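Residue numbering for the sequence shown follows the working numbering, starting at 547 and increasing by one per position.
Since the structure comes first, as structure tokens, the remarks are kept for the end.
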Amino acid sequence: MSNGDGQLVRISPDGVSLEDNGTDGILFAAGQTLFKWDLVEAADPFESCAAFGGMATEADHGKDLFHLWAYSLPTAPASKPPIVMTGCVGSGKTRTLKGLTELFGIPWVALKVEEKTESDFWPAVNAGGLLTLDNADTRTRWLPDVLANAATDGCASRRRLYTDSENIVLRANSWIGVTSANPTFGNDPGLADRVMIVRLLRRTGETADSELSAEIARNRNAGLSHLAQTLRAALADKGPVPSGLNSRHPDFARFAVRIGRALGKEDRAVAALRAAEKDKSAFCLENDSIASALLALVQRDGRVSGTAGELGRQLLGIDPDLENQVTPKRLSKRLLSLWPHLEQVVKAKREEDRNHVSRYSFRTQDQPAGYAGY
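And the structure:
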């Protein structure tokens, strides 16, 4: 990790030490380093700083998931899962991400998500650090595809100058956080599979923004020292790690488990990653008008079945506004794209009859033991 322009903190399985910038061939460019900090007695900033410790999450795993993600920032793998902070006004979505930049000592960069800001995305994410896509509350054409691309080591080619044909490649060097009170972009099946979701509740208390920043500043040395010691222990850990914790970012998940083990919270880390993997599907379906109506129908009746035409008529009983979206052809196509996520949330089955007409069946996953199935 960098430490001002002249030094770095070397983290290896053998220890943590303060070295000159350039040690081991690692040279951080001047002006692109963390604000200077000191190695001191370690203290977990998620316990000492209200900006992090005061997070109120809907699910028990939410705070653990954010802790693992935050402690992964110095690792900077090529493929990095964006984190979506979703919640009502006053839940601290933006403030929590800003607090991370204050802890690390990097510039706070927030990009307002609007149709006209697409051209700003790749230069911002190419710069490294942490990029916050703030208030992604309205449907924005470019966001799902661009964010999905960036999450899996994507890049974009841009002309360097309008006056010549020389191109430059902009890479997804930054970690990405997204804040939203109305994450309609989550209905994209491909994007939902690449992000991690933290659902926040409104914070209690009236801690001033300036007090949160001052507290982070007071505890920054101890917090970064704790992070460095945690990463040292994670690097030294050669123990086995469960599989299947993140289908899109398995390397991130494996090291996150080792971070959790170093924090003395291995079981909680594994549970958080497993819950997050399933929550991706719930996030996608609840932000899709057809899927949310289907889930409401299944929740009401326990079991739903039929052809696309038959299902469409049932869905209109839940949401009449879907009339133009649930024609047999459109509904079949949408169900196919959502199918991997539907299988995670409900018991879903699709069969073709002798006339090659698909018939769908859905039921809740918590049917009683004697339930006969489809």
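In this text, a Cβ means the ideal position worked out from N, Cα and C, and glycines have one as well.
Here the structure is a predicted model, which is why all the values come from computation and not from measurement.
**Item:** A727 vs T632 beta-carbon contact at 9 Å
**Value:** Translated into positions along the sequence shown, residue 727 becomes position 181. Translated into positions along the sequence shown, residue 632 becomes position 86. Closer than 9 Å, so yes.
**Request:** Starting from R800, trace the alpha helix (DSSP H) both ways and give me its first and last residue.
**Result:** Residue 800 sits at position 254 when you count from the first residue of the sequence shown. First-last of the alpha helix (DSSP H) with R800: P796 to A808.
**Message:** So for E897, helix, strand or coil by DSSP?
**Reply:** The residue given as residue 897 occupies position 351 in the sequence shown. The answer is strand: DSSP assigns E897 an E or B state.
**Limits of the unbroken alpha helix (DSSP H) element including L862** = Numbered from 1 along the sequence shown, position 316 holds the residue referred to as residue 862. Per DSSP, L862 belongs to the alpha helix (DSSP H) from A854 to I864.
**Request:** Kindly identify the DSSP beta-bridge partner or partners of Q553.
**Result:** Locating residue 553 in the sequence shown gives position 7, where the first residue counts as 1. According to DSSP, which records beta bridges pairwise, Q553 is partnered with N549 and D566.
**Prompt:** What does S594 pair with, by DSSP beta-bridge criteria?
**Reply:** To locate residue 594, count along the sequence shown from 1; it is residue 48. DSSP output for S594 lists no bridge partner at all.
**Item:** Range covered by the alpha helix (DSSP H) that runs through T642
**Value:** Here residue 642 is taken as the residue at index 96 of the sequence shown, counted from 1. That run of the alpha helix (DSSP H) goes K639 to F650.
**Message:** If you measure between the beta carbons of M601 and L746, is that distance less than 9 Å?
**Reply:** As a working note, residue 601 is residue 55 in the sequence shown. As a working note, residue 746 is residue 200 in the sequence shown. A contact, by the Cβ cut-off of 9 Å.
**N- and C-terminal bounds of the beta strand (DSSP E) containing C701** = Taking the sequence shown and counting its residues from 1, one reaches residue 701 at position 155. From DSSP, the beta strand (DSSP E) with C701 extends over C701 to R705.
**Prompt:** A605 by DSSP, collapsed to three states: which one?
**Reply:** Position 59 of the sequence shown holds residue 605. A605: coil per DSSP, three-state reduction.
**Neighbourhood of L677 by C-beta distance below 6 Å, restricted to the same chain and skipping five residues each side** = Counting from 1 along the sequence shown, the entry for residue 677 is found at position 131. Cβ neighbours of L677 beyond the five flanking positions: V655, A670, V671, S720 and I722.
**Where the alpha helix (DSSP H) containing R717 begins and where it ends** = Residue numbering aside, residue 717 sits at position 171 when the sequence shown is read from its first letter. From DSSP, R717 is part of no alpha helix (DSSP H) but of the beta strand (DSSP E) over N713 to R717.
**Asked** Which residues does DSSP pair with F908 in a beta bridge?
**Response** In the sequence shown, counting from the first residue as 1, residue 908 sits at position 362. Its beta-bridge partners are V850 and A894.
**Prompt:** Considering only C-alpha positions, which residue in the set T698, L770, V892 and A760 is nearest to A624?
**Reply:** Indexing the sequence shown from 1 puts residue 624 at position 78. A624 has its Cα closest to that of T698, out of T698, L770, V892 and A760.
**Asked** Do the CB positions of D734 and P690 come within less than 9 Å of each other?
**Response** Against the sequence shown, residue 734 aligns to sequence position 188. Against the sequence shown, residue 690 aligns to sequence position 144. Yes, they are a contact pair.
**Message:** For E604 and I743, what's the separation of their Cα atoms in angstroms?
**Reply:** On the sequence shown, position 58 is the one that residue 604 refers to. On the sequence shown, position 197 is the one that residue 743 refers to. If I take the Cα positions, the gap works out to 11 Å.
**Asked** At what residues does the beta strand (DSSP E) containing S726 begin and finish?
**Response** Along the sequence shown, one-based indexing puts residue 726 at 180. Its beta strand (DSSP E) spans residues W721 to S726.
**Request:** Kindly indicate which three-state DSSP category L619 falls into: helix, strand or coil?
**Result:** One-based indexing of the sequence shown puts residue 619 at position 73. Reduced to three states, the DSSP call for L619 is helix.
**Request:** Please classify Q553: is it buried, with 16 or more other beta-carbons within 10 angstroms of its beta-carbon, or exposed?
**Result:** The residue you call residue 553 lines up with position 7 of the sequence shown. Flag for Q553 reads buried.
**Message:** By alpha-carbon positions, which one of G855, I836 and L861 ends up nearest to D847?
**Reply:** Stepping through the sequence shown from its first residue, residue 847 is reached at position 301. The option with the nearest alpha carbon to D847 is L861.
**Request:** Measure how close the beta-carbons of V816 and R800 come, nearest whole angstrom, since I'm counting them as under 8 Å.
**Result:** Here residue 816 corresponds to residue number 270 of the sequence shown, with the count starting at 1. Here residue 800 corresponds to residue number 254 of the sequence shown, with the count starting at 1. That pair is no contact at about 11 Å.
**Request:** Please report how far the alpha carbon of F574 lies from the alpha carbon of S558, in whole angstroms.
**Result:** Here residue 574 refers to the residue found at position 28 of the sequence shown. Here residue 558 refers to the residue found at position 12 of the sequence shown. Spanning the two alpha carbons is a distance of roughly 18 Å.
**Asked** In three-state terms, what does DSSP make of S558?
**Response** As a position in the sequence shown, residue 558 is number 12, starting the count at 1. Residue state, collapsed to three classes: strand.
**Item:** Residue range of the beta strand (DSSP E) that includes I629
**Value:** Your numbering for residue 629 matches position 83 in the sequence shown. Per DSSP, I629 belongs to the beta strand (DSSP E) from I629 to G633.
**Item:** Exposed unless 16 or more other CB atoms sit within 10 angstroms - verdict on C634
**Value:** Counting from one through the sequence shown, the residue named residue 634 turns up at place 88. By the 10 Å Cβ count, C634 comes out exposed.
**K811 beta carbon less than 9 Å from that of D610** = Position 64 of the sequence shown, counted from the start, is the residue given in the question as residue 610. Position 265 of the sequence shown, counted from the start, is the residue given in the question as residue 811. Contact flag set, yes.
**Message:** Assuming contact is defined by CB atoms lying nearer than 9 Å, are L580 and N767 in contact in what I supplied?
**Reply:** For the purposes of this step, residue 580 is taken as residue 34 along the sequence shown, with counting starting at 1. For the purposes of this step, residue 767 is taken as residue 221 along the sequence shown, with counting starting at 1. Against a cut-off of 9 Å, the Cβ pair of N767 and L580 comes out as no contact.
**Asked** Smallest Cα separation from E823: which of L809, R807, I836 and G790?
**Response** Here the question's residue 823 lines up with position 277 in the sequence shown. Nearest option by C-alpha distance: G790.
**Asked** Does the separation of the CB atoms of L831 and V903 fall below 9 Å?
**Response** Counting from 1 along the sequence shown, the entry for residue 831 is found at position 285. Counting from 1 along the sequence shown, the entry for residue 903 is found at position 357. Result no, Cβ atoms of L831 and V903 do not sit closer than 9 Å.
**Asked** How is T678 classed by DSSP in three states: helix, strand or coil?
**Response** The sequence position of residue 678 within the sequence shown is 132, counting from 1. Correct three-state label for T678: strand.
**Message:** What does the Cβ neighbour count give for G645, buried or exposed, with the cut at 16 atoms within 10 Å?
**Reply:** What you label residue 645 is simply residue 99 of the sequence shown in a count that begins at 1. G645 should be labelled buried.
**Message:** Using a 10 Å radius around the Cβ and a threshold of 16 neighbouring Cβ atoms, would you call R804 buried or exposed?
**Reply:** Here residue 804 is taken as the residue at index 258 of the sequence shown, counted from 1. Buried is the call here.
**Prompt:** DSSP three-state call for I762: helix, strand or coil?
**Reply:** The sequence position of residue 762 within the sequence shown is 216, counting from 1. In this structure, I762 counts as helix in the three-state DSSP scheme.
**Request:** Would you kindly check if the distance between the Cβ of T725 and the Cβ of N765 is under 9 Å?
**Result:** Taking the sequence shown and counting its residues from 1, one reaches residue 765 at position 219. Taking the sequence shown and counting its residues from 1, one reaches residue 725 at position 179. Their beta carbons are not under 9 Å apart, which means N765 does not touch T725 by this criterion.
**Item:** Under 9 Å between C-beta atoms of A839 and L881
**Value:** Along the sequence shown, one-based indexing puts residue 839 at 293. Along the sequence shown, one-based indexing puts residue 881 at 335. Not in contact: A839 and L881 (Cβ atoms no closer than 9 Å).
**Request:** Compute the Euclidean distance between the alpha carbons of F667 and L657, then round it to the nearest angstrom.
**Result:** Walking along the sequence shown from the start, residue 667 turns up at place 121. Walking along the sequence shown from the start, residue 657 turns up at place 111. In a straight line, the C-alpha of F667 is about 8 Å away from that of L657.
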